[in-house]
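In the numbering used here, the protein residues as written are 23 to 324.
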(Lines of atoms letter the chains of each structure in order from A and count residues from 1; the text may use other names and numbers.)
(Lines give C-alpha, C1' and ligand atoms only; values in the text may rest on other atoms or scores of the structure.)
Protein backbone atom coordinates (compact mmCIF):
# COMPACT_ATOMS: atom_id res chain seq x y z
CA UNK A 1 0.00 0.00 0.00
CA UNK A 2 1.24 3.46 -0.94
CA UNK A 3 -0.58 6.69 -0.11
CA UNK A 4 0.43 10.32 0.02
CA UNK A 5 -0.73 13.63 1.49
CA UNK A 6 0.25 17.18 0.64
CA UNK A 7 2.31 18.68 3.46
CA UNK A 8 0.86 22.15 2.96
CA UNK A 9 -2.79 21.24 3.60
CA UNK A 10 -2.97 17.50 4.35
CA UNK A 11 -4.98 16.74 1.23
CA UNK A 12 -4.58 13.27 -0.32
CA UNK A 13 -2.51 13.38 -3.51
CA UNK A 14 -0.66 11.03 -5.80
CA UNK A 15 3.09 10.56 -5.68
CA UNK A 16 4.75 13.93 -6.21
CA UNK A 17 8.37 14.94 -6.39
CA UNK A 18 8.25 17.35 -3.44
CA UNK A 19 6.21 18.62 -0.49
CA UNK A 20 4.44 15.37 0.42
CA UNK A 21 4.15 12.80 3.16
CA UNK A 22 4.32 9.33 1.63
CA UNK A 23 3.23 6.38 3.74
CA UNK A 24 4.19 2.85 2.63
CA UNK A 25 3.04 -0.40 4.21
CA UNK A 26 4.27 -3.83 3.03
CA UNK A 27 4.67 -2.73 -0.61
CA UNK A 28 4.62 -5.11 -3.54
CA UNK A 29 7.64 -5.27 -5.90
CA UNK A 30 5.71 -3.13 -8.38
CA UNK A 31 5.02 -0.50 -5.71
CA UNK A 32 8.68 -0.49 -4.68
CA UNK A 33 9.74 0.07 -8.27
CA UNK A 34 7.28 3.00 -8.47
CA UNK A 35 8.75 4.51 -5.29
CA UNK A 36 12.29 4.25 -6.60
CA UNK A 37 11.24 6.01 -9.79
CA UNK A 38 10.06 9.05 -7.80
CA UNK A 39 12.61 9.10 -4.96
CA UNK A 40 16.31 8.12 -4.87
CA UNK A 41 16.10 5.58 -2.05
CA UNK A 42 19.46 4.26 -0.88
CA UNK A 43 19.44 0.46 -1.48
CA UNK A 44 21.13 -0.28 1.85
CA UNK A 45 18.56 1.79 3.72
CA UNK A 46 15.69 0.18 1.82
CA UNK A 47 17.04 -3.28 2.66
CA UNK A 48 17.18 -2.35 6.37
CA UNK A 49 13.62 -1.02 6.21
CA UNK A 50 12.39 -4.28 4.72
CA UNK A 51 14.18 -6.44 7.30
CA UNK A 52 11.86 -7.76 10.02
CA UNK A 53 13.04 -7.02 13.56
CA UNK A 54 15.78 -4.55 12.66
CA UNK A 55 17.00 -2.46 15.61
CA UNK A 56 16.74 1.32 15.85
CA UNK A 57 19.45 3.17 13.94
CA UNK A 58 20.17 6.45 12.15
CA UNK A 59 22.20 7.04 9.01
CA UNK A 60 22.87 10.09 6.82
CA UNK A 61 22.97 9.29 3.11
CA UNK A 62 23.76 11.73 0.28
CA UNK A 63 20.15 11.92 -0.93
CA UNK A 64 18.23 11.54 2.32
CA UNK A 65 18.31 10.92 6.06
CA UNK A 66 17.32 7.48 7.27
CA UNK A 67 15.98 6.54 10.70
CA UNK A 68 14.56 3.29 12.02
CA UNK A 69 12.66 3.67 15.29
CA UNK A 70 11.71 0.42 16.93
CA UNK A 71 9.17 1.12 19.65
CA UNK A 72 6.48 -0.72 21.62
CA UNK A 73 2.88 -1.48 20.98
CA UNK A 74 0.28 -0.32 23.50
CA UNK A 75 0.66 -2.71 26.49
CA UNK A 76 -1.92 -5.50 26.56
CA UNK A 77 -2.15 -8.16 29.25
CA UNK A 78 1.00 -6.77 30.91
CA UNK A 79 3.07 -7.47 27.81
CA UNK A 80 4.07 -5.43 24.81
CA UNK A 81 5.37 -6.50 21.42
CA UNK A 82 7.65 -4.28 19.36
CA UNK A 83 6.73 -2.36 16.22
CA UNK A 84 8.95 -0.49 13.81
CA UNK A 85 8.71 2.49 11.48
CA UNK A 86 11.44 3.51 9.01
CA UNK A 87 11.72 7.18 8.03
CA UNK A 88 13.25 8.54 4.82
CA UNK A 89 13.59 12.32 4.88
CA UNK A 90 14.56 14.22 1.72
CA UNK A 91 15.55 17.75 2.87
CA UNK A 92 15.75 19.37 -0.55
CA UNK A 93 12.41 18.05 -1.78
CA UNK A 94 10.78 18.33 1.67
CA UNK A 95 9.47 14.78 1.48
CA UNK A 96 8.94 12.50 4.46
CA UNK A 97 8.48 8.84 3.57
CA UNK A 98 7.35 6.40 6.28
CA UNK A 99 7.87 2.70 5.67
CA UNK A 100 6.43 -0.10 7.82
CA UNK A 101 5.96 -3.84 7.53
CA UNK A 102 2.80 -3.97 9.65
CA UNK A 103 0.02 -1.63 10.84
CA UNK A 104 1.14 0.88 13.46
CA UNK A 105 -1.66 2.38 15.54
CA UNK A 106 -0.17 5.78 16.37
CA UNK A 107 0.94 6.40 12.78
CA UNK A 108 -2.54 5.59 11.49
CA UNK A 109 -4.09 8.02 13.97
CA UNK A 110 -1.74 10.81 12.91
CA UNK A 111 -2.44 10.07 9.25
CA UNK A 112 -6.17 10.40 9.75
CA UNK A 113 -5.82 13.69 11.69
CA UNK A 114 -3.06 15.31 9.62
CA UNK A 115 -4.16 18.67 8.23
CA UNK A 116 -0.85 20.12 7.13
CA UNK A 117 2.54 21.20 8.46
CA UNK A 118 6.25 21.13 7.73
CA UNK A 119 8.09 17.87 7.14
CA UNK A 120 10.27 18.28 10.23
CA UNK A 121 7.36 19.01 12.54
CA UNK A 122 5.46 16.05 11.13
CA UNK A 123 8.52 13.88 11.67
CA UNK A 124 8.86 15.11 15.24
CA UNK A 125 5.19 14.40 15.88
CA UNK A 126 5.52 10.83 14.64
CA UNK A 127 8.66 10.24 16.68
CA UNK A 128 6.99 11.76 19.74
CA UNK A 129 4.19 9.21 19.54
CA UNK A 130 6.75 6.44 19.18
CA UNK A 131 8.58 7.65 22.30
CA UNK A 132 5.24 7.81 24.10
CA UNK A 133 4.88 4.03 23.74
CA UNK A 134 7.87 3.62 26.06
CA UNK A 135 6.23 5.89 28.65
CA UNK A 136 3.03 3.85 28.45
CA UNK A 137 5.07 0.72 29.06
CA UNK A 138 6.91 2.17 32.08
CA UNK A 139 3.60 3.30 33.61
CA UNK A 140 2.17 -0.21 33.24
CA UNK A 141 5.44 -1.65 34.56
CA UNK A 142 5.18 0.45 37.74
CA UNK A 143 1.80 -1.11 38.53
CA UNK A 144 3.17 -4.60 37.92
CA UNK A 145 6.15 -4.00 40.21
CA UNK A 146 3.84 -2.78 42.97
CA UNK A 147 1.73 -5.95 42.65
CA UNK A 148 4.87 -8.08 42.83
CA UNK A 149 6.00 -6.18 45.91
CA UNK A 150 2.75 -7.07 47.65
CA UNK A 151 3.22 -10.74 46.76
CA UNK A 152 6.86 -10.67 47.81
CA UNK A 153 6.08 -9.16 51.22
CA UNK A 154 3.25 -11.61 51.83
CA UNK A 155 5.75 -14.28 52.82
CA UNK A 156 3.59 -17.16 51.62
CA UNK A 157 5.27 -20.02 49.81
CA UNK A 158 4.31 -19.40 46.20
CA UNK A 159 6.62 -20.68 43.43
CA UNK A 160 4.89 -18.39 40.93
CA UNK A 161 6.30 -15.25 42.58
CA UNK A 162 9.98 -15.86 41.63
CA UNK A 163 8.91 -16.92 38.13
CA UNK A 164 6.91 -13.73 37.65
CA UNK A 165 9.77 -11.61 38.97
CA UNK A 166 12.31 -13.23 36.66
CA UNK A 167 9.92 -12.92 33.69
CA UNK A 168 9.44 -9.22 34.45
CA UNK A 169 13.21 -8.68 34.74
CA UNK A 170 13.82 -10.36 31.38
CA UNK A 171 11.17 -8.19 29.79
CA UNK A 172 12.61 -5.03 31.36
CA UNK A 173 16.07 -5.90 30.04
CA UNK A 174 14.65 -6.45 26.56
CA UNK A 175 12.80 -3.12 26.59
CA UNK A 176 15.88 -1.44 28.07
CA UNK A 177 17.91 -2.55 25.05
CA UNK A 178 15.22 -1.19 22.73
CA UNK A 179 15.17 2.12 24.62
CA UNK A 180 18.95 2.38 24.50
CA UNK A 181 19.04 1.80 20.73
CA UNK A 182 16.21 4.26 20.12
CA UNK A 183 17.89 6.90 22.26
CA UNK A 184 21.20 6.51 20.41
CA UNK A 185 19.46 6.86 17.04
CA UNK A 186 17.61 10.00 18.19
CA UNK A 187 20.84 11.46 19.57
CA UNK A 188 22.48 11.17 16.15
CA UNK A 189 19.46 12.85 14.55
CA UNK A 190 19.35 15.64 17.12
CA UNK A 191 22.97 16.65 16.47
CA UNK A 192 22.50 17.26 12.75
CA UNK A 193 23.22 20.89 11.71
CA UNK A 194 20.55 20.39 9.06
CA UNK A 195 17.78 20.76 11.66
CA UNK A 196 18.74 24.34 12.42
CA UNK A 197 16.39 26.20 14.75
CA UNK A 198 14.03 23.22 14.99
CA UNK A 199 16.65 20.98 16.63
CA UNK A 200 15.02 21.60 20.02
CA UNK A 201 12.03 19.51 18.92
CA UNK A 202 14.20 16.42 18.57
CA UNK A 203 16.30 17.31 21.62
CA UNK A 204 13.17 16.99 23.71
CA UNK A 205 12.70 13.44 22.39
CA UNK A 206 16.17 12.35 23.49
CA UNK A 207 15.59 13.88 26.94
CA UNK A 208 12.37 11.91 27.29
CA UNK A 209 14.07 8.70 26.17
CA UNK A 210 16.71 9.38 28.82
CA UNK A 211 13.98 9.49 31.46
CA UNK A 212 12.52 6.25 30.12
CA UNK A 213 15.96 4.63 30.33
CA UNK A 214 16.36 5.77 33.94
CA UNK A 215 12.88 4.50 34.78
CA UNK A 216 13.69 1.08 33.34
CA UNK A 217 16.93 0.96 35.34
CA UNK A 218 14.99 1.82 38.49
CA UNK A 219 12.40 -0.86 37.73
CA UNK A 220 15.14 -3.45 37.19
CA UNK A 221 16.72 -2.60 40.55
CA UNK A 222 13.32 -2.63 42.23
CA UNK A 223 12.57 -6.09 40.85
CA UNK A 224 15.89 -7.32 42.24
CA UNK A 225 14.92 -5.87 45.62
CA UNK A 226 11.50 -7.52 45.42
CA UNK A 227 13.15 -10.89 44.80
CA UNK A 228 15.50 -10.38 47.76
CA UNK A 229 12.58 -9.38 49.99
CA UNK A 230 10.60 -12.44 48.90
CA UNK A 231 13.52 -14.79 49.57
CA UNK A 232 14.14 -13.06 52.91
CA UNK A 233 10.48 -13.50 53.86
CA UNK A 234 10.69 -17.18 52.93
CA UNK A 235 13.84 -17.50 55.06
CA UNK A 236 12.12 -15.83 58.02
CA UNK A 237 9.16 -18.15 57.64
CA UNK A 238 11.50 -21.16 57.62
CA UNK A 239 13.28 -19.79 60.72
CA UNK A 240 9.97 -19.53 62.57
CA UNK A 241 9.18 -23.16 61.71
CA UNK A 242 12.63 -24.30 62.85
CA UNK A 243 12.26 -22.24 66.02
CA UNK A 244 8.92 -23.89 66.83
CA UNK A 245 10.39 -27.35 66.26
CA UNK A 246 13.40 -26.48 68.42
CA UNK A 247 11.16 -25.33 71.28
CA UNK A 248 9.20 -28.58 71.11
CA UNK A 249 12.43 -30.60 71.12
CA UNK A 250 13.82 -28.69 74.11
CA UNK A 251 10.57 -29.18 76.00
CA UNK A 252 10.52 -32.94 75.54
CA UNK A 253 14.24 -33.60 75.96
CA UNK A 254 14.38 -33.35 79.81
CA UNK A 255 11.02 -35.13 80.10
CA UNK A 256 12.42 -37.93 77.94
CA UNK A 257 15.42 -38.14 80.28
CA UNK A 258 13.10 -38.25 83.32
CA UNK A 259 11.00 -41.00 81.76
CA UNK A 260 14.12 -42.90 80.71
CA UNK A 261 15.52 -42.87 84.24
CA UNK A 262 12.38 -44.23 85.79
CA UNK A 263 11.81 -46.66 82.96
CA UNK A 264 14.96 -48.66 83.74
CA UNK A 265 14.66 -52.15 85.24
CA UNK A 266 16.21 -51.53 88.66
CA UNK A 267 14.55 -52.48 91.92
CA UNK A 268 16.68 -49.96 93.84
CA UNK A 269 14.33 -47.06 93.06
CA UNK A 270 12.41 -46.57 96.26
CA UNK A 271 9.94 -44.38 94.42
CA UNK A 272 8.45 -47.56 92.93
CA UNK A 273 7.18 -48.53 96.36
CA UNK A 274 5.71 -45.14 97.25
CA UNK A 275 1.92 -44.92 97.45
CA UNK A 276 2.08 -41.76 95.37
CA UNK A 277 4.85 -42.91 93.03
CA UNK A 278 2.79 -42.39 89.90
CA UNK A 279 1.76 -38.92 91.02
CA UNK A 280 5.41 -38.13 91.73
CA UNK A 281 6.42 -39.33 88.25
CA UNK A 282 3.73 -37.48 86.31
CA UNK A 283 4.02 -34.41 88.50
CA UNK A 284 7.74 -34.30 87.76
CA UNK A 285 7.06 -34.41 84.01
CA UNK A 286 4.55 -31.57 84.28
CA UNK A 287 6.85 -29.52 86.48
CA UNK A 288 9.84 -29.91 84.18
CA UNK A 289 7.85 -29.19 81.01
CA UNK A 290 5.92 -26.27 82.52
CA UNK A 291 9.06 -24.67 83.97
CA UNK A 292 10.88 -24.88 80.64
CA UNK A 293 7.86 -23.57 78.73
CA UNK A 294 7.52 -20.60 81.12
CA UNK A 295 11.23 -19.83 80.92
CA UNK A 296 11.26 -19.88 77.09
CA UNK A 297 8.09 -17.79 76.99
CA UNK A 298 9.73 -15.08 79.12
CA UNK A 299 12.72 -15.04 76.79
CA UNK A 300 10.43 -14.63 73.80
CA UNK A 301 11.34 -17.89 72.12
CA UNK A 302 7.72 -18.67 71.32
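For glycine and all other residues, C-beta sits at the position ideal for the given N, C-alpha and C.
- Where residue 79 sits in the DSSP three-state scheme: Residue 79 sits in a strand when the DSSP states are folded into three classes.
- Query: Quick one, which of 153, 165, 235 has its alpha-carbon nearest residue 227's?
  - Reply: 153
- Query: Where does residue 118 sit, in a helix, a strand or coil, going by DSSP?
  - Reply: strand
- List the endpoints of the continuous alpha helix (DSSP H) containing residue 197. 182-212
- Message: Taking 8 angstroms as the cut-off, does the region 111-123 touch the region 220-238 (at least 3 CB pairs, one atom from each stretch)?
- Response: no
- Could you please give the first and the last residue of the uninterrupted beta strand (DSSP E) stretch that includes residue 89? Membership of residue 89 in the beta strand (DSSP E) is indicated by the continuous run 87-94.
- Status (buried if at least 16 other CB within 10 Å, exposed otherwise) for residue 23: Classification of residue 23: exposed, given that the 10 Å Cβ count is below 16.
- Span separating the alpha-carbon of residue 100 from that of residue 234: Note that residue 100 scores 43 on pLDDT, short of 50, meaning its location in the model is unreliable and no value can be drawn from it.
- Task: Pick helix, strand or coil for residue 40, following the three-state DSSP scheme.
- Result: DSSP places residue 40 in the coil class of the three-state scheme, outside both helix and strand.
- Item | Span of the beta strand (DSSP E), counted from its first residue to its last, around residue 33 | Under the DSSP assignment, residue 33 falls outside any beta strand (DSSP E); it carries neither an H nor an E label.
- Query: DSSP three-state call for residue 317: helix, strand or coil?
  - Reply: Correct three-state label for residue 317: helix.
- Applying the criterion that 16 or more other CB atoms from any shown protein chain within 10 Å of the CB defines a buried residue, is residue 229 buried or exposed? exposed
- Using the rule of at least 16 other Cβ atoms within 10 Å of the residue's Cβ for burial, across every protein chain shown, is residue 317 buried or exposed? exposed
- Task: Could you tell me the distance, in whole angstroms, from the CA atom of residue 54 to the CA atom of residue 248?
- Result: 51 angstroms
- Message: On the DSSP bridge list, what partners appear for residue 45?
- Response: 25, 120
- Would you call the region 27-43 and the region 66-82 in contact, with 3 or more CB pairs under 8 angstroms? no
- Between residue 13 and residue 151, is the Cβ-Cβ spacing less than 9 angstroms? Since the displayed the chain opens at 23 and closes at 324, residue 13 lies outside it and no answer follows.
- Query: Closest to residue 231 by CA distance: which of 198, 259, 308, 163 is it?
  - Reply: 198
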